[in-house]
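A.B. asks: Input: one structure, supplied below.
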Amino acid sequence: MSVPAPRDSAPWFVVLVVTTAQLVAATAGIVLATIAPKVADTLQVSPVLIGYQASLTWGVAMVASIYGGNAVLRWGAGSTTQASMALSAIGVSLFAVPHVAVIALGSVIAGIGTGIAPPAAAHLLVRYTAPERRNLMFSIKQTGVPVGGVLIALIAPALAVSVGWQWSLATIAAVAVAVMLMVRPYRETWDDDRHLTAGARVEAWGGVPLVLRQVSLRWISLASVLFSSVQRIMLTFTVLYLVAEADYGLVEAGIMLSVVQIGGAATRVPWGWLADRWKSGLAVLKLICALVIVSSAVLVMLEPGWPRPLVYLLFLVLGAATVGWNGVFHAECARLSPPGMTSMVAGGTAFFVFSGSLIGPSAFAIAYDVIGTYSATFGIMIVMGILTLGLLWLAGRTDATGGRSA
């Protein structure tokens, strides 16, 4: 059963709110990676441990996402968005305490906030935007991730060098509070459809069983595990690699990380437009996957003496490939969702996306311990890209034959 969109909730305002919320939730999960060398110096630990901190944050987000759809159905998309922002603000505030245990606690809290954000955003976008523009709208929403990454990659290292790394965290908390205030006048309206499903049975595993039953959703969700792993590897280890092996300073390495994010931000909307134009999100995802494989192969061959403009171009392309896929993926999942179950499917697919964010950094850290260099370890992204292409082929074959459930 569909719910009429209230006249005071303009689609573009909804897109603005969910995009900003996405920016905050994603930035809370990556901010420590941008200042990892400084944080490690303060804590007197190895910088590579940032991989495990990232895995903790995204692992908790993975678990929280299971119940994000249930939260939307029970409390409403507006209240769930506000809760996500409150948890993100608390989590990043705890990051400022220079103690491993407190940072771990902050990672757990921020992870919960990150995990419950996507189902609320998907619910609002499906409710308030036109189906024929859905790839574009979801892609705009997903630009919040790389845009936030660009800002934090530029700001956080500079603040860490000039006034101390803790100051970069206050900015994220302030934006989270601002989003909570933006949602407040609309919360009652955005929550009014929660009563329609008040009697629905709550799945113990949220939308995950629903995703696994839909064959096309199953394959594309498994592909998202690898897409997400590659993305998280790039965002977590770029700064460490450039500082440790490529003779970059921390600030310049942060700028290079921002180039990755710019590549992702600049291409998410064009990828969405192309998917609408081609009328095939899967075709665009396959194209992105091929770009991941090629650009990762070039990254493995990168040498410290390469000209800076060439390196900037490489990392721009890597951003388009490893960070640009999300909007098309989420729109494709919304297309495949059963009527009225968009938030549950979003929660279920988010479980797989966040599991990739959990697996990627830890897999890289383990591989690095064996291989010994960051540059060679980036080769695992080539393997992940090849496997992803195979899963997307299976998803396309299933969708073409009309296979929807199993």
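Per the numbering used here, the very first residue in the sequence shown carries number 88; after that it's consecutive.
Built from N, CA and C at the ideal position, the CB exists for glycine as well.
Computed from a predicted model, the values in this text were never measured in an experiment.
Quick check: the Cα distance between V159 and E390, rounded to an integer number of angstroms?
C.D. replies: The straight-line gap from Cα to Cα measures roughly 48 Å.
A.B. asks: K366: buried (16+ other C-beta within 10 angstroms of its C-beta) or exposed?
C.D. replies: The residue is exposed, with fewer than 16 neighbouring Cβ atoms inside 10 Å.
A.B. asks: Hey, out of T230, W393, G447, whose CA is closest to M321's CA?
C.D. replies: Nearest of T230, W393, G447 to M321, Cα basis: G447.
A.B. asks: Would you mind giving the Cβ-Cβ distance between A164 and A207, rounded to the nearest angstrom? I have them listed as a contact below 8 Å.
C.D. replies: About 4 Å; that satisfies the 8 Å criterion.
A.B. asks: Verify whether the separation of the beta carbon atoms of L386 and S462 is less than 9 Å.
C.D. replies: Yes, the Cβ-Cβ distance between L386 and S462 is below 9 Å.
A.B. asks: Indicate whether the contact test is met: 3 or more Cβ pairs, each with one atom in the segment 121 to 141 and one in the segment 329 to 347, closer than 8 Å.
C.D. replies: Taking 8 Å as the limit for Cβ pairs, the verdict is that the segment 329 to 347 does touch the segment 121 to 141.
A.B. asks: Measuring alpha carbon to alpha carbon, tell me which residue in V184, H210, V104 is nearest A257.
C.D. replies: Per the Cα distances, V184.
A.B. asks: If we require 4 or more residues per run, which alpha helix (DSSP H) segments fall completely within the segment 117 to 158?
C.D. replies: Taking only runs of at least 4 residues, the alpha helix (DSSP H) segments lying wholly in the segment 117 to 158 are 123 to 130.
A.B. asks: Can you tell which of G472, V147, Q253 has its C-alpha closest to the C-alpha of A511?
C.D. replies: Examination of residue 511 is not possible in this model, given that the chain is present from 88 through 493 alone.
A.B. asks: Helix, strand or coil, according to DSSP, for Q301 in the structure here?
C.D. replies: Coil, per DSSP.
A.B. asks: N413: which of S166, T230, V302 sits nearest, CA to CA?
C.D. replies: Ranking the options by Cα distance to N413, first place goes to T230.
A.B. asks: Please report the Cβ distance between S449 and S142, rounded to the nearest whole angstrom; I am assuming they are in contact, meaning their Cβ atoms lie under 8 Å.
C.D. replies: The Cβ separation is near 4 Å, so the contact holds.
A.B. asks: Assign L474 to one of three DSSP states: helix, strand, or coil.
C.D. replies: Of the three classes helix, strand and coil, the one that applies to L474 here is helix, per DSSP.
A.B. asks: Hey, out of F324, A148, L478, T464, whose CA is closest to A112's CA?
C.D. replies: Nearest option by C-alpha distance: A148.
A.B. asks: Indicate the three-state DSSP secondary structure (helix, strand or coil) for M431 in the structure shown.
C.D. replies: Of the three classes helix, strand and coil, the one that applies to M431 here is helix, per DSSP.
A.B. asks: How many angstroms separate the CA atom of L403 from the CA atom of V150?
C.D. replies: Cα to Cα, the separation comes out at about 32 Å.
A.B. asks: Are the segment 167 to 176 and the segment 258 to 276 touching by the rule of at least three beta carbon pairs closer than 8 Å?
C.D. replies: Enough Cβ pairs lie closer than 8 Å, so yes.
A.B. asks: What's the gap between the Cα of C376 and the Cα of T475?
C.D. replies: Rounded to the nearest angstrom, the two C-alpha atoms are 7 Å apart.
A.B. asks: Less than 7 Å between C-beta atoms, sequence neighbours within five positions excluded: which residues of the same chain meet that for A285?
C.D. replies: Residue placement at A285 cannot be trusted, given a pLDDT of 45 that sits under 50; the coordinates are not used to answer.
A.B. asks: Going by alpha carbons, who is nearest to H186 out of V126, V213, A310, R214?
C.D. replies: The candidate whose alpha carbon is nearest that of H186 is V126.
A.B. asks: How is the alpha helix (DSSP H) around Q348 delimited, first residue to last?
C.D. replies: Element bounds for Q348: 337 to 365.
A.B. asks: What do you get for A287, buried or exposed, if any count of 16 or more other CB atoms within 10 angstroms of its CB means buried?
C.D. replies: Since pLDDT at A287 reaches only 49, below the 50 mark, its modelled position is unreliable, and the value read off the structure follows with that caveat. A287 is exposed by the Cβ-count criterion.
A.B. asks: With T276 as the anchor, note down where its alpha helix (DSSP H) starts and where it stops.
C.D. replies: First-last of the alpha helix (DSSP H) with T276: 274 to 277.
A.B. asks: Have a look at M224, A340, F438 and flag the residue whose alpha-carbon is nearest the alpha-carbon of V295.
C.D. replies: Among M224, A340, F438, the Cα nearest to that of V295 belongs to F438.
A.B. asks: Tell me, to the nearest whole angstrom, how far the beta carbon of V86 is from that of N222; I am working on the premise that it is less than 8 Å.
C.D. replies: Within the shown structure, residues of the chain are numbered from 88 to 493, placing residue 86 beyond reach of any answer.
A.B. asks: Taking a contact to mean a Cβ-Cβ separation below 9 Å, would you say A362 touches A352 in this structure?
C.D. replies: No, these two residues do not count as a Cβ contact at 9 Å.
A.B. asks: For V195, collect the residues of the same chain with a Cβ closer than 6 Å to its Cβ; drop the 5 residues on either side in sequence, then sort them by chain order.
C.D. replies: Here the set comprises V147.
A.B. asks: Over what stretch of residues does the alpha helix (DSSP H) that includes M516 continue unbroken?
C.D. replies: The structure shown does not extend to residue 516, since the chain is modelled only from 88 to 493, so the question has no answer here.
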